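First comes the structure, then the notes that go with it.
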Amino acid sequence: MTETTIRRSLWLACPFNLTAALVFAFPASTVGQQLGLPDDVHPLYSLLVALFVGLFGLVYGWLARRPAIDRSLLALGSIGKLGAFFIAGFLWLAGAVPGVVVIVAFGDLAFAALWLSWLVSTRGQRVA
Numbered sequence: 061m062t063e064t065t066i067r068r069s070l071w072l073a074c075p076f077n078l079t080a081a082l083v084f085a086f087p088a089s090t091v092g093q094q095l096g097l098p099d100d101v102h103p104l105y106s107l108l109v110a111l112f113v114g115l116f117g118l119v120y121g122w123l124a125r126r127p128a129i130d131r132s133l134l135a136l137g138s139i140g141k142l143g144a145f146f147i148a149g150f151l152w153l154a155g156a157v158p159g160v161v162v163i164v165a166f167g168d169l170a171f172a173a174l175w176l177s178w179l180v181s182t183r184g185q186r187v188a
């Protein structure tokens with residue numbers, strides 16, 4: 061896999077996260093309700109989650125533009141994406157969220173797998 065593929069995936073992850081941030085910011089919205097988000101969550105929690113999910117999205121766009129991809133930030137993003145997938149999966153298994161949440165979270169899993177694969181395959185190489 062090439063660095064170009066990783067950059068394209070980072071550009072794709074940027075709006076993926078920014079859209080998710082909007083949904084978390086407004087959990088009572090139609091999309092939020094379809095995803096099983098509680099509509100009575102305190103704004104502090106929904107906005108903090110939206111802030112961090114959105115910040116990750118902006119970092120993905122920033123990484124895509126950098127002359128060299130920061131491997132540590134990409135690893136952190138991969139861990140976050142894996143965490144999001146596993147949380148969605150565990151909550152679905154517990155009956156706390158509908159299956160559509162896991163379907164959406166498969167996007168996180170795909171990004172994590174792609175990025176981790178690239179990080180492992182380029183370990184020790186100087187990547188520009």
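Everything in the sequence shown is counted per the working numbering, starting at 61 for the first residue and increasing by one.
Even for Gly, the Cβ is constructed at its ideal location relative to N, Cα and C.
All figures in this text were calculated on a predicted structure; none of them were measured in a lab.
Q) Which residue from His-102, Val-161 and Trp-122 puts its Cα closest to that of Leu-72? A) Trp-122
Q) Straight-line CA distance for Gly-167 to Tyr-105? A) 23 Å
**Q.** Where Arg-183 sits in the DSSP three-state scheme
**A.** coil
Q. How would you write the range of the alpha helix (DSSP H) that Arg-52 sits in, first residue to last?
A. The chain is shown only over 61 to 188; residue 52 falls outside these bounds and no answer can be derived.
**Q.** Exposure of Val-113, with buried meaning 16 or more beta-carbon neighbours within 10 Å
**A.** buried
**Q.** Three-way DSSP call (helix, strand, coil) for Ser-89 in this model
**A.** coil
Q: Please work out which residues of its chain come closer than 7 Å, Cβ to Cβ, to Leu-176, disregarding the five sequence neighbours upstream and downstream, and give them in chain order.
A: Ser-138
Q. Phe-150 and Leu-169: beta carbons closer than 8 Å?
A. no
Q | Assumed close pair Trp-152, Val-162 - CB separation to whole angstroms, cut-off 8 Å | A | 5 Å
Q: Please report the Cβ distance between Leu-95 and Val-160, rounded to the nearest whole angstrom; I am assuming they are in contact, meaning their Cβ atoms lie under 8 Å.
A: 6 Å
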